[in-house]
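Chains as they are written, first to last, in the working numbering: chain B, 1 to 117; chain U, 1001 to 1117.
Quick reminder that beta carbons are idealized off the backbone N, C-alpha and C, glycines included.
Being a predicted model, the structure only gives us computed values, none of them experimental.
Let me begin by presenting the structure, written as C-alpha cells, before commenting on it.
Protein chains: 2
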Amino acid sequence: MQDALRRFKADIFQALAHPTRIAIIEQLEHGERSAGDLMEKLGVEQANLSQHLAVLRAKQLVINRKAGNQVFYSVRDPIILKVLALMRRYFYTHLQEAMDLLGELDPKAAAESEVGS
Amino acid sequence: MQDALRRFKADIFQALAHPTRIAIIEQLEHGERSAGDLMEKLGVEQANLSQHLAVLRAKQLVINRKAGNQVFYSVRDPIILKVLALMRRYFYTHLQEAMDLLGELDPKAAAESEVGS
DNA sequence: CCAATATATTCGTATTATCGAATATACAGA
DNA sequence: TCTGTATATTCGATAATACGAATATATTGG
C-alpha cells in the first residue's frame, strides 16, 4: 500500500540524514573507495565510519566488495547521486535562507568553499 | 564550507525522513491544502499533524498562508517534488529489495496499491 | 464580549540515533 | 601459527525525535 512506499522513502531519507553519510556518498560519486580511504578523507573515527557504512548498507544505498584485506564501497544506484545533485541546486536557489538556517558564515564564503561539492 | 552544505542537506533529508511528512508533501503536490484537509486525508491527530508541519516549516520545505480561520500549506520549491519523484523511480527499480527491506506483502500487491503515489 | 472552530505549542514519556571505547573478525605476510 | 592491518560489532551514555494529552492562540459569527 501507499504507506509502505512512504515508509520506504522515509527510510532512505533517514539514511541520508547525516552529514557524514552524505559525505560518504559524495566521496563515492566518482567511483569506489575503500573504507580506509573514506576514513582518511572524512577524518572520522574508524568505528564511527563503520557504523555509518552499516546504515548505508542496511538501506542498500551502497554495495561493498571485499578485496583481500580491504572493503571497497560504491553507490548502488546513480539515482541517489541525482538526488544529491538536486539538493545542491536547492541549496543554491535558497542560499540565503540556507545560511540563516545553518546560522553561520556569510553567503559569499559558503559559496566559494562550495566549489567541488 | 563543505561541511555546512552537508549539514544543510542532512537537515532537509531529516525533515523528509518520516512517512507522515512525505505524505504531507505528496498531498501538496498538486496545490495548496489547509491543515484541516491534510488532517482528514492523512488520518492523523491534529497535534501530530501540526508538529510535522512545524518540522517542514522550520526547514522551509513548505510555506503557509493564513486565510481567516485556516492555514493553507504549499511546497516552497518544486525541486522537492522532483526529489520525491526520483525516490519513486528508485523504489520501482529496486522493488524486490524494497519489499524485503520493508518486510511485508508481495511485490504485486505493493505495485498495484502504489498507483497514484 | 462569548462560544465555536482551526491551528499551534508545551509537556511527559517512549523510542531511536549517535558517539567513542572496547572488542571481535577476517585476511595477509613472515 | 603468530602478528599486524583493515573492518565490523557491541555496549553504555547522551541526545534527538515522535506521540498523545492538555493547553494556548487566533479568528469568526452571534
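Does the beta-carbon of residue i have 16 or more other beta-carbons within 10 angstroms, so that it is buried, or is it exposed?
i	result
Glu1026 of chain U	buried
Ala1110 of chain U	Annotation note: pLDDT 39 at Ala1110 of chain U (below 50); position unreliable, coordinate value reported separately. Looking at its Cβ environment, which holds 16 or more other Cβ atoms inside 10 Å, Ala1110 of chain U is buried.
Arg1076 of chain U	buried
Tyr1092 of chain U	exposed
Glu112 of chain B	At Glu112 of chain B the pLDDT is 39, less than 50, meaning the model places this residue with poor confidence; the figure from the coordinates comes in the next sentence. By the neighbour-count rule (16 or more Cβ atoms within 10 Å), Glu112 of chain B is not buried but exposed.
Lys1059 of chain U	buried
Ala85 of chain B	exposed
Thr1020 of chain U	buried
Lys142 of chain B	Only positions 1 to 117 of chain B appear in the structure, and residue 142 of chain B is not among them; the question remains open.
Ala1047 of chain U	exposed
Lys1108 of chain U	Its pLDDT being 38, under 50, Lys1108 of chain U is placed unreliably in this model, and the coordinates cannot settle the point.
Gln1096 of chain U	exposed
Glu1052 of chain U	In the sequence under discussion, the amino acid at residue 1052 of chain U is His, which differs from the Glu named in the question. Counting Cβ neighbours within 10 Å, His1052 of chain U comes out buried, since at least 16 surround it.
Which two residues bound the contiguous alpha helix (DSSP H) that contains residue i?
i	result
Val1075 of chain U	No alpha helix (DSSP H) holds Val1075 of chain U; the beta strand (DSSP E) holding it covers Gln1070 to Val1075.
Lys1041 of chain U	Ala1035 to Leu1042
Ala1010 of chain U	Gln1002 to Leu1016
Leu84 of chain B	Ile79 to Thr93
Glu1026 of chain U	Pro1019 to Gln1027
His52 of chain B	Gln46 to Ala58
Determine, using beta carbons only, whether residue i comes closer than 8 Å to chain U.
i	result
Lys108 of chain B	Interpretation of Lys108 of chain B is limited by its pLDDT of 39, a score under 50 that renders its predicted location unreliable; no figure is taken from the coordinates.
Val75 of chain B	no
Leu105 of chain B	Its pLDDT being 39, under 50, Leu105 of chain B is placed unreliably by the model, and the measurement read from it follows with that caveat. For Leu105 of chain B, the answer is yes, since a Cβ of chain U falls inside 8 Å of its Cβ.
Phe13 of chain B	yes
Ile22 of chain B	yes
Glu114 of chain B	Unreliable positioning characterises Glu114 of chain B in this predicted model, as indicated by a pLDDT of 40, which lies under 50. A coordinate reading is not provided.
Leu86 of chain B	yes
Ile79 of chain B	yes
Leu5 of chain B	yes
Lys9 of chain B	yes
So, residue i versus residue j, is the Cβ gap smaller than 8 Å?
i	j	result
Glu28 of chain B	Ile22 of chain B	The question names Glu, but residue 28 of chain B in the sequence shown is Leu. Contact flag unset, no.
Ala1035 of chain U	Gln1070 of chain U	yes
Ala1004 of chain U	His18 of chain B	no
Val1083 of chain U	Val83 of chain B	yes
With 8 Å as the threshold, decide whether the Cβ of residue i is near any Cβ in chain B.
i	result
Val1083 of chain U	yes
Arg1033 of chain U	no
Glu1040 of chain U	no
Asp1037 of chain U	no
Glu1097 of chain U	yes
His1018 of chain U	yes
Ala1060 of chain U	A small correction: the amino acid at residue 1060 of chain U is Gln; Ala does not occupy that position in the sequence shown. Yes - at least one Cβ of chain B is within 8 Å of the one on Gln1060 of chain U.
Arg1089 of chain U	yes
Return the first residue and the last residue of the beta strand (DSSP E) that residue i is part of.
i	result
Val1062 of chain U	Val1062 to Ala1067
Quick test of your reading: residue i and residue j, contact by CB under 8 Å. State the CB separation rounded to the nearest angstrom.
i	j	result
Ile12 of chain B	Met1099 of chain U	At roughly 14 Å, the Cβ-Cβ gap does not stay under 8 Å, so Ile12 of chain B and Met1099 of chain U are not in contact.
Arg1089 of chain U	Ile79 of chain B	6 Å
Leu38 of chain B	Leu56 of chain B	About 11 Å; that fails the 8 Å criterion.
Tyr73 of chain B	Glu45 of chain B	With 8 Å as the limit, Tyr73 of chain B and Glu45 of chain B do not qualify as a contact, their Cβ atoms being about 17 Å apart.
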